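Novice: Just dropping this structure here.
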Amino acid sequence: MSLTPTHPVPIPHGRVFAGIRATSDQHIGNYLGAINNFVDLQERFDCIYSVVDLHSLTTLTDTDALADNVHETALILLAAGIDPARTILYVQSHVPEISELHLLLSMVVPNGWLMRVPTFKEKAREQPDNVNYGLVGYPVLQTADIVMYKATHVPIGKDQLPHLELAREIVRRFNQHFGQTFPEPQPELTNAPLILGLDGQRKMSKSLDNHIPIAASDQDTAKRIRSAVTDPQRARRTDPGRPDVCNVYSLHEFFDPEKRPWIYEQCTTAGIGCVDCKGLLSDAVNDRFRSLRARRDELAAKPDDVRAILADGADRAQAIAKDVLLEVQQRMGLPPQR
């Protein structure tokens, strides 16, 4: 059997793929760690971004709201600056070729590779009554998302490098068995900071309810920030604060960096209290997202336009996916359908 497909799909130069899970409340951690970078990458790469709804099914929670969450996530991405005229934005389940590629890739992935993934072990502890196949095979589906378009780069933070390395191992194993098919995706390291939640202890997360939603109103943003944990040793307003151990102060680095030295000086000399610091952060967060929220509201008023953008993105993604899947089928020796 020849390992050369009839119509090999060329490897693109500088193509980025990234997926984002569907949620009703994309928060400032998502924005600083991913969404803002996705927008910037459009200037340097051919970008394909997917709202990964299939990945969301591994927990079997909130499935009734999944379609709404997909729509809301698309609204935030578009409002943040994802340009559908030059970037492909689509919904994962709308390109069914991904699911078939996931199946084909699973044939070359040793079970032990998947069982050793730290994220799987963590999720299995979180949902011991629902350790499903999708949870085990999550990294294979993730790899299919990336290689479906022969992506050359994946934007990630350093903490995610082990996840990408597994995808690279799967690519190497496939290429070894069936010939050079996929490029090994390279990490496009982002300056993704670890954003702690309002509890000041754990990573910001909607599931932990310690987050600040991007699309919240000014009033709701201020209310949530008022609940944030600050310096636990500052018992009175007149006590000097310790901004170096205060998560609210650390967030000023991202939303009001010019005022941050002044805040530090005022906090350490008791010139301002924690309530004042939280108020300043609320103002800065609301200022940062005011225009994004306005664009999101404009898009939300035109749901058919958003659905049309996602449908067009799916068509463009599928045009690539069909050719790549055909190449994979041929390389693996599957008989032609017609």
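Numbering-wise, the sequence shown is residues 260 to 597 according to this note's numbering. Every residue, glycine too, gets a C-beta built ideally from N, C-alpha and C. Note that the structure is a prediction, hence the values are computed from the model and not measured.
When the Cα of Arg431 is compared with those of Glu517, Leu364, Phe297, which residue comes out closest?
Specialist: Your numbering for residue 431 matches position 172 in the sequence shown. Closest option to Arg431, Cα to Cα, is Leu364.
Novice: For Ser309, which beta-bridge partners are listed by DSSP?
Specialist: By 1-based counting over the sequence shown, the position of residue 309 is 50. The partner list for Ser309 (beta bridge, DSSP) reads Gly278, Tyr349.
Novice: Suppose you measure from the CA of Gly532 to the CA of Thr497; what does that come to, to the nearest Å?
Specialist: Here the question's residue 532 lines up with position 273 in the sequence shown. Here the question's residue 497 lines up with position 238 in the sequence shown. Their backbone Cα atoms lie some 8 Å apart in a straight line.
Novice: Just to confirm, is the Cβ distance from Ile405 to Val413 under 8 Å?
Specialist: For this step, residue 405 is matched to residue 146 along the sequence shown. For this step, residue 413 is matched to residue 154 along the sequence shown. Closer than 8 Å, so yes.
Novice: Lys561: buried (16+ other C-beta within 10 angstroms of its C-beta) or exposed?
Specialist: Within the sequence shown, numbered from 1, the residue matching residue 561 stands at position 302. Exposed is the call here.
Novice: Does the count of Cβ pairs from the region 533-549 and the region 307-317 closer than 8 Å reach three?
Specialist: At 8 Å Cβ cutoff, the stretches do not touch.
Novice: Output the distance between the C-alpha atoms of Asn295 and Ala339, rounded to the nearest integer angstrom.
Specialist: Sequence index remark: in the sequence shown, residue 295 carries index 36 (1-based). Sequence index remark: in the sequence shown, residue 339 carries index 80 (1-based). Going from the Cα of Asn295 to the Cα of Ala339 covers about 7 Å.
Novice: For a quick check, are the C-beta atoms of Trp372 and Leu420 less than 8 Å apart?
Specialist: In the sequence shown, counting from the first residue as 1, residue 372 sits at position 113. In the sequence shown, counting from the first residue as 1, residue 420 sits at position 161. Not closer than 8 Å, so no.
Novice: So, is Tyr349 buried or exposed, given that buried needs 16 or more other C-beta atoms within 10 angstroms?
Specialist: For the purposes of this step, residue 349 is taken as the residue at position 90 of the sequence shown. With 16 or more Cβ atoms within 10 Å of its Cβ, Tyr349 is classed as buried.
Novice: Look up His286 in the DSSP assignment and say whether it is helix, strand or coil.
Specialist: Counting from 1 along the sequence shown, the entry for residue 286 is found at position 27. Three-state result, His286: strand.
Novice: Would you call the region 547-558 and the region 473-491 in contact, with 3 or more CB pairs under 8 Å?
Specialist: Touching, yes.
Novice: How would you call Thr322, buried or exposed, if buried means at least 16 neighbouring beta carbons within 10 angstroms?
Specialist: Position 63 of the sequence shown holds residue 322. With fewer than 16 Cβ atoms within 10 Å of its Cβ, Thr322 is classed as exposed.
Novice: Of the residues Gly278, Asp571, Gln445, Leu394, which one's Cα is nearest the Cα of Leu316?
Specialist: Along the sequence shown, read from residue 1 onward, the residue named residue 316 stands at position 57. Ranking Gly278, Asp571, Gln445, Leu394 by Cα distance to Leu316 puts Leu394 first.
Novice: Assuming Asp490 contacts Gly500 under a Cβ cut-off of 8 Å, what Cβ separation, rounded to an integer in Å, is found between them?
Specialist: The residue you call residue 490 lines up with position 231 of the sequence shown. The residue you call residue 500 lines up with position 241 of the sequence shown. Going by Cβ atoms, the distance from Asp490 to Gly500 rounds to 5 Å, so yes, they are a contact pair.
Novice: For Thr318 versus Gln401, is the C-beta distance shorter than 8 Å?
Specialist: For the purposes of this step, residue 318 is taken as residue 59 along the sequence shown, with counting starting at 1. For the purposes of this step, residue 401 is taken as residue 142 along the sequence shown, with counting starting at 1. Not a contact, by the Cβ cut-off of 8 Å.
Novice: In the DSSP assignment, find the beta strand (DSSP E) that holds Ile415 and state where it starts and stops.
Specialist: Within the sequence shown, residue 415 is the residue found at index 156, counting from 1. Ile415 -> beta strand (DSSP E) spans 412-415.
Novice: What residue ranges within the region 402-451 form continuous alpha helix (DSSP H) runs of no fewer than 4 residues, ordered along the chain?
Specialist: Counting only runs of 4 or more, we get 420-437.
Novice: For Met260, which residues in the same chain have their Cβ closer than 7 Å to its Cβ, ignoring the five residues on either side in sequence?
Specialist: The residue labelled residue 260 in the question sits at position 1 within the sequence shown. Only weak support exists for where Met260 lies, its pLDDT of 31 falling under 50; the coordinates are left without a value.
Novice: Under a three-way DSSP split, which group does Arg590 fall into?
Specialist: The sequence position of residue 590 within the sequence shown is 331, counting from 1. Arg590: helix per DSSP, three-state reduction.
Novice: Over the uninterrupted alpha helix (DSSP H) stretch that includes Arg485, give me the two end residues.
Specialist: Along the sequence shown, read from residue 1 onward, the residue named residue 485 stands at position 226. 477-485 is the extent of the alpha helix (DSSP H) around Arg485.
Novice: DSSP beta-bridge partners for Lys462?
Specialist: Within the sequence shown, numbered from 1, the residue matching residue 462 stands at position 203. According to DSSP, Lys462 bridges with Leu455.
Novice: If you count every other CB in all the chains shown that lies within 10 Å of the CB of Leu360, and 16 or more means buried, which is it?
Specialist: Locating residue 360 in the sequence shown gives position 101, counting from the first residue. Leu360 is buried by the Cβ-count criterion.
Novice: Just confirm the distance between the C-beta atoms of Arg575 and Ile347, as a whole number of angstroms; I'd bet it's less than 8 Å.
Specialist: For the purposes of this step, residue 575 is identified with residue 316 of the sequence shown, where counting begins at 1. For the purposes of this step, residue 347 is identified with residue 88 of the sequence shown, where counting begins at 1. Contact holds; Cβ gap of about 5 Å.
Novice: Please report the straight-line C-alpha distance between Gln351 and Ala578, rounded to a whole angstrom.
Specialist: Working through the sequence shown from its first residue, we reach residue 351 at position 92. Working through the sequence shown from its first residue, we reach residue 578 at position 319. Approximately 14 Å between the Cα atoms of the pair.
Novice: Which partner residues does Pro472 have in the DSSP bridge list?
Specialist: Locating residue 472 in the sequence shown gives position 213, counting from the first residue. According to DSSP, which records beta bridges pairwise, Pro472 is partnered with His286.
Novice: Taking DSSP as the reference, what is the three-state secondary structure of Met599?
Specialist: The question about residue 599 has no answer, for the chain in this structure spans 260 to 597.
Novice: Going by DSSP, what residue range makes up the alpha helix (DSSP H) through Ile539?
Specialist: Within the sequence shown, numbered from 1, the residue matching residue 539 stands at position 280. Reading the sequence as shown, one finds Leu at residue 539 and not Ile. Counting along the chain, the alpha helix (DSSP H) containing Leu539 begins and ends at 533-559.
Novice: What did DSSP end up calling Arg519 once you bin it into helix, strand or coil?
Specialist: The residue you call residue 519 lines up with position 260 of the sequence shown. Here Arg519 sits in helix by DSSP.
Novice: So the alpha helix (DSSP H) Val504 belongs to, where does it begin and stop?
Specialist: Looking up residue 504 in the sequence shown gives position 245. From DSSP, Val504 is part of no alpha helix (DSSP H); its letter is neither H nor E.
Novice: Between Pro452 and Lys409, how many whole angstroms is the CB-CB distance? I'm expecting something under 8 Å.
Specialist: Position 193 of the sequence shown holds residue 452. Position 150 of the sequence shown holds residue 409. Wrong, their Cβ atoms sit about 30 Å apart, outside the cutoff.
Novice: Got a sec? Which residues, its chain only, sit under 6 Å from Lys459 by beta carbon, not counting five neighbours each side?
Specialist: Locating residue 459 in the sequence shown gives position 200, counting from the first residue. Looking at the sequence itself, residue 459 is Gly, so the reference to Lys does not match. For Gly459, where only same-chain residues beyond five positions count, the Cβ hits under 6 Å are Val488, Asn506.
Novice: Below 7 Å CB to CB, which residues in the same chain sit around Ser486 once its five sequence neighbours on both sides are set aside?
Specialist: As a working mapping, residue 486 is identified with position 227 in the sequence shown. Closer than 7 Å at the Cβ level, and outside the excluded window around Ser486, lie Leu457.
Novice: Take Asp571 and list the residues in its own chain whose beta-carbon comes closer than 8 Å to its own, dropping the five residues that flank it on each side.
Specialist: The count along the sequence shown starts at 1 and reaches residue 571 at position 312. For Asp571, where only same-chain residues beyond five positions count, the Cβ hits under 8 Å are Pro343.
Novice: Do Ile341 and Val390 have their beta-carbon atoms positioned less than 8 Å apart in this structure?
Specialist: The residue labelled residue 390 in the question sits at position 131 within the sequence shown. The residue labelled residue 341 in the question sits at position 82 within the sequence shown. Cβ distance not < 8 Å, so Val390 and Ile341 don't count as in contact.
Novice: Below 8 Å between beta carbons: does that hold for Val330 and Val565?
Specialist: The residue given as residue 330 occupies position 71 in the sequence shown. The residue given as residue 565 occupies position 306 in the sequence shown. According to the sequence shown, residue 330 is His rather than Val. Cβ distance < 8 Å, so His330 and Val565 count as in contact.
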